[in-house]
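To start, the structure itself, in structure tokens.
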Amino acid sequence: MALYEYKCAECEERFELMRPMSAADDPAECPECGSGESMRVISSFASITPGASAEGNAAMQQPRMGGGCCGGACGCG
């Protein structure tokens, strides 16, 4: 089961429904006006990785020194 967001074509109400992925694009009844004319919309979400910190991510953003295709570790540079 997944949570999907819909927008009613009649009253423009946005609502969410928990349904199976196989039913994601099936018509959804608007809880506000009862219309069956709704469209699924793309929802945004936030993701937080446990244990992630600004210091931990800073090391991955540092450019590697050296030449070649792998930073010089294989002797290609």
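Counting along the sequence shown from 1, when you hit position 57 you're at 1184 in my numbering, and nothing is skipped either side. The beta carbon of each residue, even a glycine, is placed where N, CA and C say it ideally should be. All values derive from a computational prediction rather than experimental measurement.
Along the region 1131-1156, the beta strand (DSSP E) occurs as fully enclosed runs of 3 or more residues at 1141-1146, listed in sequence order. Ranked by how close their Cα comes to the Cα of M1145, the residues E1159, E1132, T1176 and C1157 have E1132 in first place. In the DSSP assignment, S1165 forms a beta bridge with C1135. Relative to E1159, the option among G1178, I1169, F1142 and D1152 whose CA is nearest is F1142. Around the C-beta of C1138, fewer than 16 other C-beta atoms lie within 10 Å, and the residue is accordingly described as exposed.
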